[in-house]
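Sequence lines, in order, name chains R and Y. Sequential numbering of the first sequence, starting at 1, is according to this note's numbering. Sequential numbering of the second sequence, starting at 1001, is according to this note's numbering. Even glycine gets a Cβ: it sits at the ideal position worked out from N, Cα and C. Scroll down for the structure; my scribbles are underneath it.
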Amino acid sequence: MSNTQNHIQSIQDIENGLANTGYISNTQISTAVFIAQQLQKPILVEGPAGVGKTELAKSLSTWLHKPLIRMQCYEGLDESKALYEWKYGKQLLYTQILKDKIGSVISDSDSLNGALEKLHNFGDIFFSRNFLEPRPLLQALEQPEGCILLIDEIDKSDQEFEAFLLEILSDYQVSVPEIGKISAIVPPLVLLTSNSTRDLGDALKRRCLHLHIGFPDERLEEKIINSRVPDINKKLLKQIVSFVQQLRSLDLKKVPSVSETIDWAKVLILFHTSILDTDTVNETLNVLLKFESDIETARKQIHTLTQQSQRASEIS
Amino acid sequence: MQHQEKKVIFENGHLASKPLRQFLQVARGAGLRISAAESIDAARSVSIVGWNNKAITKTTLSLLLAKSPEEKSQFDHIFELYFKSQEFLKSTTNEHKEELDKTSNNFNHSDFSQHSNELTEALLHDDQATLANLIAQAANDIELENIRLFTQKNLYTRRILERMGMRALEMKISAQLEAQSINELSDIDVLSERIHTLRNSVRDYVERQLLLFGRAQSEQFREELLKSSRISNLNAQDLIRMRQLVRQMAKKLAGRYAKMRKKRLRGQLDVRRTMRRNMAWGGIPFVTHWKQKRIEKPKVMVICDVSGSVAAMSGFLLMFLYALNEVLSDIRSFAFSGTMIEVSDILESESVEKAIEKILEIIGFQSSNYGSSFTDFDENWIRFLSPKTTVIVLGDARGNNTDPKVEILKNIATRSKQLIWLNPEYESSWGTGDSDMYRYAPYCKQVTVCNTLRHLENAISEIMAHSA
């Protein structure tokens, strides 16, 4: 129990380290990163779009000074695009060269058996690392210093691809049939993100720590906006956050996420807004809401929402 | 299974503490699926973060054990429930000591209590903390955590009471009753009353533990029952759970279907296209082309009867239609009783309850007329049928003796890929009364009885297998 203190300290370290890069973490996120490092397990980050799932990986990479290798998933992604591919053209050229040179290699042997013997001794480099074109996953394993591997939007890929990931996620190695196993030099810190457009397989979930990032509460969101848009005045900040938080409780097709709040704050600063009023909101609402029907729904409520957010900023 | 797991955890050098082991069991009981590997991870990480900071322990375990937002909230609930009862146990032990010290100092013992054991004393002084502690101890001794079914409730209650020394106490009371004196009589009255209360609180305790430990079995049992019972016999509460099951099922089917769709034939060289592509390089095949088999996306049109004769079913059929609408991309849905309307938009834009309500409000519960409904379809939507479309009709084929318009159905069948009829009635009642089932049947590729969730699952999975 004596070293528990140290460990809790290091959860705090993670929080501080991430904060230095401008990423405001919470206990859940920091604990996840901490446990992931201790158990060498990947983290599966789920949550609505724009709450900072991808950002987490980027910030980790900045903080730990490790390269970030990102693999964007999409329907139809297969191993030749994710793991490795043979440099087919180069292999072809190699065989052409071999055809030219083969005469000189076997010229001094007179019998057929002798020539075959020579050929066997001749190095077989056709399927070798030289002709291997590493794709993100293989690149991640080959980083000498380790890296942050971000497998983005895993839910967009096919189920087969998920199964294919299992080996790399649990053992940090891949099998190339012609060469054999390739293991990681330093196991990378793996983050997978998902918007839950489909349910992921149990096998994949079992191998990962499951971190769910939801929308932040008012206090946390203020901190986040403040770190991303430092030159915003306190009163406006409070108003913006309170307004967005209320907006999220409306019945919308797509609720505004943190990244949209940040954009909005930036826009309002460009407009030299010092206080949020109904007109400003009306003009800039399309930054927050991406559907025409949502804007319509929100427009009816703008007046009350703005007033409430003004009140909220005055109280505190 | 459990023994094996204990061994595994032990061999890994991380002996899981008893609270963790028990908690894992409780979590499993509550429906979280936790594999042996996950419990090892849990033990390892708990040994890293420790138990000191409850918030961090909770987060850690939640990271490892709960794998979806629903499971997360479930997990939080169980964690609080379980560790609250644990803490309670600890605190009561302490209280109990203080309490005893106090009472022994300033309480005037009667004859009766001097000779009695701890239980009698606690009962006599109405010492709730001690009693709770005794219950917990006894429950621990008889391994209450093995309770699984609600039928075992009485058995375990009796065992706990016996373990607490109830039988001895009762014998003592009856002995006292025989040699009664007026002074003690009131004591005994009080005592019997408190014994009664104790019985109730033990039963409550057992019930709570059953909720914790026995949920898995009862839950499974319920789901099995639901899947195979007739939908028209279900009550409102079951319907809520049914909705979850329907959703699950639709998701599963869609997943399976997506897999079939993506099965491509790879590995055979398309010589013709490869040669054409590589003419520029003098025929040396730098770029290869592979033969691929593409499987079309499913096109489904569902026609659903919502008339009075299938009233009990229609809510459920619409529920399934809704779920199907969520998982399949190319689906158009229609509902009819006397006339037919397209309901795709309603299903698309509303929540499931509202959508069903709305559809039933517009068109539901009227007397059905298959003929005129099919005519509506013929006029408005038949042109959207293609040889790739699967048409599903959900209904009992009872048209109140109106013209069934069989020729339209025949037309639908020839213009689509396949026509499937799912009928909620048993085969024995087809063709009786106003049922036109046998007149429609020749044009359907398949006519299936469908009145339980399991029927529906089988039918749909077959449809998908065929259309792939």
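{"Check": "Cβ-Cβ distance between residue 1363 of chain Y and residue 1337 of chain Y below 7 Å", "Outcome": "yes"}
{"Check": "Nearest candidate by alpha-carbon position, reference residue 1168 of chain Y, set Y:1305, Y:1118, Y:1193 and Y:1204", "Outcome": "Y:1118"}
{"Check": "Any C-beta of chain R under 7 Å from that of residue 1201 of chain Y", "Outcome": "no"}
{"Check": "Any chain Y beta carbon closer than 7 Å to residue 103 of chain R", "Outcome": "no"}
{"Check": "Selection of the stretch 1032 to 1056 of chain Y by Cβ proximity to chain R, strictly under 9 Å", "Outcome": "1033, 1035, 1037, 1038, 1041, 1044, 1045, 1048, 1049, 1050, 1051, 1052, 1053, 1055 and 1056"}
{"Check": "Endpoints, the alpha helix (DSSP H) within which residue 1060 of chain Y is located", "Outcome": "1054 to 1065"}
{"Check": "Neighbour flag for residue 318 of chain R against chain Y, beta carbons, 7 Å", "Outcome": "What is shown of chain R runs 1 to 316, which leaves residue 318 of chain R out entirely."}
{"Check": "Alpha-carbon to alpha-carbon, residue 1158 of chain Y and residue 1433 of chain Y", "Outcome": "58 Å"}
{"Check": "Continuous alpha helix (DSSP H) stretch holding residue 176 of chain R: start and end", "Outcome": "Element bounds for residue 176 of chain R: not the alpha helix (DSSP H) but the beta strand (DSSP E), 173 to 176."}
{"Check": "Amino acids of chain Y, ordered along the chain, whose beta-carbon sits closer than 9 Å to that of residue 38 of chain R", "Outcome": "1044, 1045, 1048 and 1049"}
{"Check": "Meets three-Cβ-pair contact criterion under 8 Å: the stretch 112 to 123 of chain R and the stretch 148 to 168 of chain R", "Outcome": "no"}
{"Check": "Residue 1151 of chain Y - DSSP class collapsed to helix/strand/coil", "Outcome": "helix"}
{"Check": "Residue range of the alpha helix (DSSP H) that includes residue 63 of chain R", "Outcome": "53 to 64"}
{"Check": "Residue-chain proximity (residue 1374 of chain Y, chain R), Cβ-Cβ < 7 Å", "Outcome": "no"}
{"Check": "Chain-ordered residues of the stretch 1054 to 1076 of chain Y with a beta carbon less than 9 Å from chain R", "Outcome": "1055, 1056, 1059, 1060, 1062, 1063, 1064, 1065, 1066, 1067, 1068, 1069, 1071 and 1072"}
{"Check": "Through-space distance from residue 200 of chain R to residue 1063 of chain Y, alpha-carbon basis", "Outcome": "16 Å"}
{"Check": "Closest Cα partner of residue 1380 of chain Y within the set Y:1351, Y:1402, Y:1334 and Y:1392", "Outcome": "Y:1334"}
{"Check": "Under 7 Å between C-beta atoms of residue 1040 of chain Y and residue 1024 of chain Y", "Outcome": "no"}
{"Check": "Residue 91 of chain R at chain Y interface by Cβ criterion, 7 Å", "Outcome": "no"}
{"Check": "Within-7 Å CB hit, residue 972 of chain Y to chain R", "Outcome": "What is shown of chain Y runs 1001 to 1468, which leaves residue 972 of chain Y out entirely."}
{"Check": "DSSP-derived helix/strand/coil call for residue 306 of chain R", "Outcome": "helix"}
{"Check": "Neighbour-count burial assignment, residue 53 of chain R, 16 or more Cβ in a 10 Å radius", "Outcome": "buried"}
{"Check": "Sheet register partners of residue 1299 of chain Y (DSSP bridge)", "Outcome": "Y:1389"}
{"Check": "Contact the stretch 194 to 212 of chain R vs the stretch 35 to 47 of chain R: 3+ CB pairs below 8 Å", "Outcome": "yes"}
{"Check": "Chain R residues whose Cβ lies nearer than 7 Å to that of residue 1251 of chain Y", "Outcome": "199"}
{"Check": "Partner residues on chain Y for residue 234 of chain R, Cβ-Cβ distance less than 7 Å", "Outcome": "Neighbours of residue 234 of chain R on chain Y: none; closest Cβ ~29 Å, over 7 Å."}
{"Check": "Host alpha helix (DSSP H) of residue 1442 of chain Y (start-end)", "Outcome": "Where residue 1442 of chain Y is concerned, there is no enclosing alpha helix (DSSP H), given that its DSSP letter is neither H nor E."}
{"Check": "Neighbour-count burial assignment, residue 1280 of chain Y, 16 or more Cβ in a 10 Å radius", "Outcome": "exposed"}
{"Check": "Reduced DSSP category for residue 1425 of chain Y - H, G, I as helix; E, B as strand; rest coil", "Outcome": "coil"}
{"Check": "Given residue 1451 of chain Y as reference, the closest of Y:1028, Y:1427 and Y:1444 once Cα atoms are compared", "Outcome": "Y:1427"}
{"Check": "For residue 194 of chain R, the first and last residue of its enclosing beta strand (DSSP E)", "Outcome": "189 to 194"}
{"Check": "Stretch-stretch touch, CB-based, cutoff 8 Å, three pairs: the stretch 1272 to 1289 of chain Y with the stretch 85 to 94 of chain R", "Outcome": "yes"}
{"Check": "Beta-carbon proximity check, residue 246 of chain R vs residue 305 of chain R, cutoff 7 Å", "Outcome": "yes"}
{"Check": "Selection from R:270, R:178 and R:253 that minimises the alpha carbon distance to residue 131 of chain R", "Outcome": "R:178"}
{"Check": "Any C-beta of chain R under 7 Å from that of residue 1088 of chain Y", "Outcome": "Confidence at residue 1088 of chain Y is low in this model, with a pLDDT of 44, below 50, so the placement of that residue should be treated as unreliable; the coordinate-derived value is given next. Cβ-Cβ to chain R under 7 Å: no for residue 1088 of chain Y."}
{"Check": "Close-in-space but distant-in-sequence residues of the same chain around residue 1105 of chain Y (CB under 8 Å, 5 per side omitted)", "Outcome": "Note on residue 1105 of chain Y: pLDDT 41, under 50, position unreliable in the model; no value is reported."}
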